[in-house]
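For the sequence shown, the numbering used here assigns the number 442 to the last residue and increments by one with no breaks.
All C-beta atoms, glycine included, are put in the ideal place defined by N, C-alpha and C.
Let me begin by presenting the structure, written as structure tokens, before commenting on it.
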Amino acid sequence: MNGQKAGFGTVATHAGKEVNETHAHVQPIYQSSTFWFDSVEAGQAIWKEEREGYIYGRLSNPNTDATAAAIAALEGKNLPEKPYGLMCGSGMAAISTVILPLVNAGDTIVSQRAIYGYSHNLFAYHLKEKGVRHVTFDGPDLDDLERVLSETENVKVVYIETPVNPTMMLTDIGGVVERAQAVGARVVIDNTFATPYLQRPLEMGVDVALHSTTKYLSGHGQVVGGAIITPHEDLYRLFSTALFHYGGVAGPMDAWLTLLGLRTLHVRMERHCENAMVVAEFLEAHPAVKRVYYPGLESFGQHELAKRQMDDFGAMLSFELQGGYATGARLMNRVQLCELAVSLGTVDTLIQHPASMTHFRLSPEDRAVMGIGEGLVRLSVGIEDVQDIIADLEQGLGG
């Protein structure tokens, strides 16, 4: 590139190819549990990290290395030094591999109140049993974060998601970093919803970016996986050791499929975002819809923050229906093109009604505290022709 910095699409298309000793145009799948050594001396040199090489699939594999390197290149596209990356067997494996070695009994994790349910359960229940405290703050309210940090001892991690599921609420990343650094805490972000295409938190001072690669990064609904990206060598080594010990590694086929999906991330995300804006505007004008939550709409309360810290507005949106629970469940049973399914970030449009699906075990009161109304519907807008998505929603919302 003659010193010129490559664009995002070029990085997505080519990153990770350096981990390919065969020079195959598409990296082969290294479906092997172990790797042989040329000699005892060569094996020892690899063990001692005096030379590069592979030992055993739980420790590393060319496919997981290539995919981690590609995601790291995207997350750190504008950093002076490329960050470090690790692939995990799921998003929760990535979260656990990061959080568990950062905290001990007596330490505190501070997170925004609204986060992914299983992340909340890990912090609030599992780690609580191990003597780790979990304290929450109101995500958009930096003053509340400052209050919590001033009143709480031994804060080791400040954990955020933005946009958050399913209300699309945003958190000011730079503001969180500034306040966390003042108390010596590490900032960890789940960047799954935004992807590096829209938002690169490491460039804003975040210590660790996490992904469920199941979603947009792989993009086709075939793979469960996770990724850890950090610019800090000490954290990378800490997390690498934790991953070896906990064993939450990704398999070579899953890593290979994820890298294949990553090659088209920029093209898919452009279409995802374009479609989502059109769908959001359609829903905002529909009489059956009470409110639309989409960062790209000027009516969205944090629209200016979205413009400041995101390159576009994403493909996730939620909308509250008139009539509450019954109308939400009714729409689920009427759509034909939109697929009734959990998860998100696939090429096809997925729809779900949290009150009757993912959050049905919670009381209406508990859902309300999380900002989840009885008629709230979440939509992961796909890359189909947008007029077909709208036509399906139109007939589903009709009388």
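Point to revise | Beta-bridge partners of F362, as assigned by DSSP | key: Paired residues: V335 and V420.
Point to revise | Simplified DSSP assignment, three categories, for Y127 | key: Three-state DSSP puts Y127 in a strand.
Review point. Which residue spans inside the region 128-189 form an unbroken beta strand (DSSP E) run of at least 3?
Key: Whole beta strand (DSSP E) segments, 3+ residues: 151-155 and 176-180.
Exercise for review: Leaving aside the five residues before and after M296 along the sequence, list all residues of the same chain whose C-beta is less than 7 Å from its C-beta, in chain order.
Suggested key: I72 and Q74, listed in sequence order.
**Study point:** Which of helix, strand or coil DSSP assigns to V292
**Key:** Three-state result, V292: strand.
**Study point:** For R229, the nearest candidate out of N197, T210 and A298 (CA to CA)
**Key:** The candidate whose alpha carbon is nearest that of R229 is N197.
**Study point:** As assigned by DSSP and simplified to three states, the class of G262
**Key:** Coil at G262, not helix or strand.
Review point. Three-state secondary structure (DSSP) at V249?
Key: DSSP, read as helix, strand or coil, puts V249 in coil.
Review point. Looking at G149 and G132, is the spacing between their C-beta atoms short of 8 Å?
Key: In this structure, G132 keeps its C-beta atom at 8 Å or more from the C-beta atom of G149.
Exercise for review: Assign D108 to buried or exposed, taking buried as 16 or more other Cβ atoms, counted over all protein chains shown, within 10 Å of its Cβ.
Suggested key: D108 comes out buried.
Review point. Between the region 359-368 and the region 182-198, do at least 3 Cβ pairs fall closer than 8 Å?
Key: Cβ pair count under 8 Å is below three, so no.
Practice item. Please state if the CB of I272 and the CB of E118 are separated by a distance shorter than 8 Å. Key: A contact, by the Cβ cut-off of 8 Å.
Review point. E204 lies in the beta strand (DSSP E); which residues open and close that run?
Key: Looking at the DSSP string, the run of the beta strand (DSSP E) that includes E204 is V198 to E204.
Check your understanding: If we count the other Cβ atoms within 10 Å of its Cβ and call it buried at 16 or more, is K171 buried or exposed?
Key -> Counting other Cβ atoms within 10 Å of its Cβ, K171 stays below 16 and is therefore classed as exposed.
Check your understanding: On the three-pair Cβ rule with 8 Å, is the region 332-339 touching the region 397-406?
Key -> These segments do not touch.
**Study point:** D233 - DSSP class collapsed to helix/strand/coil
**Key:** Strand, per DSSP.
Exercise for review: Using only alpha-carbon positions, find the residue among T307, D181, R190 and I415 that is nearest to L260.
Suggested key: Ranked by Cα distance from L260, the options T307, D181, R190 and I415 are led by T307.
Review point. How would you label L383, buried or exposed, when you count the other beta carbons within 10 angstroms and need 16 or more for buried?
Key: Under this definition L383 is an exposed residue.
Review point. DSSP puts L393 in a beta bridge; with which residues?
Key: E382 and S423.
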